[in-house]
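Participant: Pasting a structure here, questions to come.
There are 2 protein chains.
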Amino acid sequence: MTLKKVIIIGGGFGGLSAAKVIDDSLSDVTVIDKTNHHLFQPLLYQVATAALSPADIAIPIRSILNNKRNTKVILDEAIDIDKSKKIVKLKNSELAYDYLIVAPGSRHSYFGKNEWEKYAPGLKTLTDAVTIREKIINSLELAEKENDQLNKIKYLTFVIVGGGPTGVELAGAIAEIAKKTIIKDYKNFKPDDAKIILIEAFPRVLNTFEEKISERAEKYLSAMGVQIIKNTKVEDVNSSGVQTTNGFIITSNVIWAAGNQASPLIQKLNIPTDRAGRIFVNDDCSIPDYPEIFVIGDASQLKDDHGKILPGTAPVAMQQGRFVAKIINAELAGKPRTKFKYIDKGNLATIGKAKAVGEIKGFKIYGLIAWLMWSSIHIFYLIGFKNRFRVMIEWIWYYITNKRGTRLIVGK
Amino acid sequence: MTLKKVIIIGGGFGGLSAAKVIDDSLSDVTVIDKTNHHLFQPLLYQVATAALSPADIAIPIRSILNNKRNTKVILDEAIDIDKSKKIVKLKNSELAYDYLIVAPGSRHSYFGKNEWEKYAPGLKTLTDAVTIREKIINSLELAEKENDQLNKIKYLTFVIVGGGPTGVELAGAIAEIAKKTIIKDYKNFKPDDAKIILIEAFPRVLNTFEEKISERAEKYLSAMGVQIIKNTKVEDVNSSGVQTTNGFIITSNVIWAAGNQASPLIQKLNIPTDRAGRIFVNDDCSIPDYPEIFVIGDASQLKDDHGKILPGTAPVAMQQGRFVAKIINAELAGKPRTKFKYIDKGNLATIGKAKAVGEIKGFKIYGLIAWLMWSSIHIFYLIGFKNRFRVMIEWIWYYITNKRGTRLIVGK
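For the protein sequence lines, the chains are A and B, in the order given.
With the first letter of the first sequence counted as 1, position 120 gets the number 120 in the working numbering; the numbers rise by one all the way through.
For the working numbering, add 412 to where a residue sits in the second sequence, where the first one is 1.
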C-alpha cells in the first residue's frame, strides 16, 4: 500500500502544530519552510530590542521533528500550487500531494506603499529583528558623535507606527533602552533627549482589547516617557521622517507595526480573499471546492460563532494546525470531518519591565501579576528546555541588573 | 591645565587592555572601533560551528568602559594617520592626539589571491562567523534535498585550509557537527557521507607547538574522522572546489584558516613592515622616530630575548596594551620608559568535545585535563559575568546532550 502524501507549507505555529499531530505511520509527511527554524514570534520584539539572542527564540524545524520517522523537512520556498494536478512547485522541483496544509503566515503591509519599507522596517522574521536592533543601536552611536543639535534629535527620535500589541511592546522596550538601561554608557546626550513616539490611527492603542485595558496600557506607556499620538494616520515615510495627518516628525528611526498582508503564495490558490489577502475558508479550514487543501493561521479568515473574525495569533494557528491534522488522521482511518472551534484562552500584552495588561476568560489583569502570567505562558510555550531556561535567566538577569544582553551590531 | 589626548584605535584585546589601565584623570581618552563590540576571538570558531551565539562572546565596548568617566568610545573607522600633525582621520572627521595606540588587529590573508575569499571565507569577525555557520548548515540542507550523488558529495565535503589552532579547532568542531551531533536530523545521508579535510602546507599541524603535541592533535582529529593532508599547498579555490599541489578536491565548503595580514591602516604609518604587514616596533612598542605612537597586538612585530617573534595571540596583545598604558601613565607623571617583556603562560588548542592539547610552562598536557584547563581559562578571560555563566551552561548542556544550540540561518 502506498501511503497518502501530506505536504505542509510553513513551519510556524500552524504548520508545526499540524506536523506534530499528523500520524506519519498513515501518511508520508513533508514540511517545507523558507527558513530552517521555527520562530517564536511573540518574543521577536525582544530580539529587536536587544533583550534576547536570535537562538533564544528560534529552533531548527528539523530538530523539533527528528523523532518523526516518516516526516521530511525541506528548506525551500513554495512558489506555486497547482490545485488540479495536486502539485506544489518549489524553486527547482515539484512535489505531489494528496493533502495540502497551507500555513505560510503573513508579512507586514504598507497599504500599497512598499517604498516605505526602506525607511520603516517591519518585524516578522529574525532578519527583521536583527535589522531593527542594529538600527536602534547604530542611531544611539551616531547621536553620541553628532555635534549638530538637529541631527542629534533626528537620531534620538524613535517612531513606532501602529498601536497593536507589537507596537505597544516595541514602544515600551525602546523607551527602556533609550531612556533607562543603556543611556548611562553614552556621554553626549541625556535620557530626556530621546523621544519615543507611538502613532495609532484609531482613538486608542490595543483596540482589539477592551477599553479599560487600552487606558491602562496608555498610562503605563506615558509613565515610561512614550508619547502616544492617536487618531493619526501616516501619509508618507522618507529619509527625513514621517508625515502624519497631524504634522511632520523628524526622525531616522521608524518601525512599522501596522497592518498585515497574507503571504503572496495565497494568491496562487485563486480563491477569493479579504483585503488583507486572507482566504475565506470553510468551517473545517479547507478551501471551497478543494477539501484536500487547508489554509490555516493568519493567511486564512474564519469567523467564530458570534461572527467575529478570529485574530491572527499563535493560539488560533496552533489550534487550527492540530485540528486539521486530526481531520486528516481521521479521514485516513475512514472517519468523517468535524468543524473547527476556537477556544479563547485570553490575550496579554507586555509593556516594559514587569508590567503587562490583558484579559483572561473575561477577567482583566494589569501590572506585575499580568506580567508574571505573560512571562510564564511565554516560557511555557517556547519550544525546547534549553531555550526556556536561557530566556528565564535573561529575564531574571535583566530584572536585577537592568542590563540588556545583546546590544550587538553584527552586520556590516 | 589641559589634559593630554590619548587615542586608542581598536577595541580588541590590545586596545581594550590599554583603555582599562590608562589613568583617565591624567588624560582625555578616546577609543575608536569599527564595530560596537569587543570580541572574544578565541571562541569565534564556536559561533561559526553553532555552539555559541554571537552575544555570548561579544560585549559592547561602551559598556565595558562605562565606569571610566573621561574615556569616550566612538563607533567609526580610522582611515588615515598624520604623524607630523598628530591627527587621526576618521570617515567624516578628525581627532588630534598627544599619544596614539594603534591596535587594529589583522585580517586573514589570501597571499594576494583575494578572489578566493568569495569561496573560502575566513574567520575574524562576528559577521565572518555567522557567514560560515550559515554556509555549513545550508550545505547540509542542500545535501538533504539533493538526489544527484556527485552534488551531494560536494555539499558534504568540508575543506579547512590551514592547520594552525583555528584550523584544528574548526576541523574538530565541523567533524562533530557533520558526523555526530546533528546528522540524526537528516534522513537523506549518513555520517560517513560527510568528509572533513584539513590541508596544511607544513609537515605537521599546530607547527608552532612542539612535535609531540602536533602528533597528538593529529591522532585526535583522525579518530574524529578528519582527513589531514600535509605538505600540501592550495593553488586555486573556485566554485567547484580546491586545487591543491596534491590534486583537486570537489567541495562547496572551503574555510580559510591560513595566513594573516595586518590591518591596511598600518600602511598609512609609512614604516617598514614584515611580509604579513606587521610594523617592526621598538622594545617599548613605539615606532621608530615617533615615541608617541605605539603599535601593539598582531599588527606589530616584536621579538623576545631569544630572537623569537611573539605570536599574534590575545595574551601578547593584552600584555602589550597594559604595558603601553603604564608607560603613558608614568610619562605623564614624569617617569621614564621601560622595555616590554612578554610572560608566556602557555598555549592550548581544543579539538572537539572534551579533548585538547597544549603546553603550559614547559609541561605538555593532553585530553580531558587539557580541555578542562582550556575551558576554565577561556571562561575566566571572557568579559562579563553573564557571558561566563551562559557559555558555561552551553558547554555543560552540549557535553550532556550533544546538541548544538544555535543552528540558525538568519540571513536571507
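Note that beta-carbon positions come from the ideal geometry of N, C-alpha and C, so glycine has one too.
Bear in mind that the values here come from a model prediction, so they are computed numbers and not experimental data.
Could you check whether the segment 61 to 81 of chain A touches the segment 596 to 608 of chain B, counting it as contact only if at least three pairs of C-beta atoms, one from each stretch, sit closer than 8 Å?
Facilitator: With a cut-off of 8 Å, the segment 596 to 608 of chain B and the segment 61 to 81 of chain A count as touching, because enough Cβ pairs lie within range.
Participant: Rounded to the nearest angstrom, what separates residue 566 (chain B) and residue 608 (chain B) at their Cα positions?
Facilitator: 11 Å
Participant: So, is the C-beta of residue 486 (chain B) closer than 8 Å to a C-beta in chain A?
Facilitator: yes
Participant: Three-state secondary structure (DSSP) at residue 14 (chain A)?
Facilitator: helix
Participant: State yes or no: is the beta carbon of residue 407 (chain A) nearer than 8 Å to at least one beta carbon in chain B?
Facilitator: yes
Participant: State the CB to CB distance for the pair residue 625 (chain B) and residue 770 (chain B), rounded to an integer number of angstroms; the pair is presumed to be in contact (CB under 8 Å).
Facilitator: 7 Å
Participant: Going by beta carbon distance, what residues of the same chain come within less than 6 Å of residue 379 (chain B), once the five residues before and after it are set aside?
Facilitator: Residue 379 (chain B) lies beyond the stretch modelled for chain B, which goes from 413 to 824, so this question has no answer here.
Participant: Give the straight-line distance between the Cα atoms of residue 278 (chain A) and residue 262 (chain A), rounded to the nearest whole angstrom.
Facilitator: 6 Å
Participant: Using the three-state DSSP reduction, which class does residue 508 (chain B) fall into: helix, strand or coil?
Facilitator: strand
Participant: State whether the segment 814 to 821 of chain B contacts the segment 653 to 665 of chain B, with contact taken as three or more CB pairs (one from each stretch) at a distance under 8 Å.
Facilitator: With fewer than three CB-CB distances shorter than 8 Å, the segment 814 to 821 of chain B does not count as touching the segment 653 to 665 of chain B.
Participant: Against chain A, does residue 518 (chain B) count as a neighbour if the rule is that its beta carbon must be under 8 Å from one of theirs?
Facilitator: no
Participant: Closer than 7 Å, Cβ to Cβ, to anything on chain B: give me those residues from the segment 79 to 105 of chain A, in chain order.
Facilitator: Taking 7 Å as the cut-off between beta carbons, none of the residues of the segment 79 to 105 of chain A comes near chain B.
Participant: Under the assumption that residue 228 (chain A) contacts residue 100 (chain A) (Cβ atoms under 8 Å), give the Cβ distance between them as a whole number of angstroms.
Facilitator: Actually they do not touch by this definition, with Cβ atoms about 43 Å apart.
Participant: Mind listing the chain A neighbours of residue 597 (chain B)? Cutoff is C-beta to C-beta under 9 Å, in chain order.
Facilitator: Going along chain A in sequence order, the residues near residue 597 (chain B) (Cβ under 9 Å) are 60, 62, 63, 65, 66 and 73.
Participant: Could you tell me the distance, in whole angstroms, from the CA atom of residue 501 (chain B) to the CA atom of residue 349 (chain A)?
Facilitator: 48 Å
Participant: What residues in the segment 31 to 57 of chain A bring their beta carbon closer than 7 Å to a beta carbon of chain B?
Facilitator: 35, 36, 37, 53, 54 and 55
Participant: Taking the continuous alpha helix (DSSP H) assigned at residue 625 (chain B), which residues delimit it?
Facilitator: 623 to 635
Participant: State the CB to CB distance for the pair residue 693 (chain B) and residue 714 (chain B), rounded to an integer number of angstroms; the pair is presumed to be in contact (CB under 8 Å).
Facilitator: 6 Å
Participant: With 8 Å set as the bound, which would you pick, yes or no: does the beta-carbon of residue 131 (chain A) sit closer than that to a beta-carbon of chain B?
Facilitator: Any Cβ of chain B closer than 8 Å to the Cβ of residue 131 (chain A) would place that residue at the interface, and such an atom is absent.
Participant: Do residue 159 (chain A) and residue 132 (chain A) have their C-beta atoms within less than 8 Å of each other?
Facilitator: no
Participant: Hey, out of A:20, A:157 and A:40, whose CA is closest to residue 242 (chain A)'s CA?
Facilitator: A:157
Participant: Which whole-angstrom value is the C-beta distance of residue 445 (chain B) and residue 507 (chain B), which I expect to be below 8 Å?
Facilitator: That pair is no contact at about 14 Å.
Participant: Taking Cβ positions, are residue 453 (chain B) and residue 726 (chain B) nearer each other than 8 Å?
Facilitator: yes
Participant: Considering Cα atoms alone, identify which of A:329, A:238 and A:19 is closest to residue 61 (chain A).
Facilitator: A:19
Participant: Which residues, taken in chain order from the segment 421 to 437 of chain B, show a beta carbon closer than 7 Å to some beta carbon of chain A?
Facilitator: none
Participant: Over the uninterrupted beta strand (DSSP E) stretch that includes residue 652 (chain B), give me the two end residues.
Facilitator: That residue, residue 652 (chain B), is in no beta strand (DSSP E); it is neither H nor E in DSSP.
Participant: Taking 8 Å as the cut-off, decide whether the C-beta atoms of residue 102 (chain A) and residue 47 (chain A) are in contact.
Facilitator: no
Participant: Short of 7 Å Cβ to Cβ, which residues in the segment 701 to 717 of chain B face chain A?
Facilitator: none
Participant: Strictly under 8 Å for the Cβ-Cβ distance: is residue 126 (chain A) near chain B by that measure?
Facilitator: yes
Participant: Would you call the segment 642 to 656 of chain B and the segment 677 to 686 of chain B touching, i.e. three or more CB-CB distances under 8 Å?
Facilitator: A contact is defined here as three or more CB-CB pairs under 8 Å, and the segment 642 to 656 of chain B fails this definition with respect to the segment 677 to 686 of chain B.
Participant: So for residue 315 (chain A), helix, strand or coil by DSSP?
Facilitator: The three-state reading of DSSP puts residue 315 (chain A) in helix, counting H, G and I together.
Participant: Could you give the C-beta distance for residue 517 (chain B) and residue 709 (chain B), rounded to a whole number, given that I count them as a contact under 8 Å?
Facilitator: Contact holds; Cβ gap of about 6 Å.
Participant: Mind listing the chain A neighbours of residue 823 (chain B)? Cutoff is C-beta to C-beta under 7 Å, in chain order.
Facilitator: 127
Participant: Determine, using beta carbons only, whether residue 203 (chain A) and residue 230 (chain A) come nearer to each other than 8 Å.
Facilitator: yes
Participant: Quick check on residue 137 (chain A) - is its C-beta less than 8 Å from some C-beta in chain B?
Facilitator: yes
Participant: Starting from residue 588 (chain B), find everything on chain A with Cβ-Cβ shorter than 9 Å and list it in chain order.
Facilitator: Under the 9 Å cutoff, chain A gives no residues; its nearest Cβ is about 15 Å from residue 588 (chain B).
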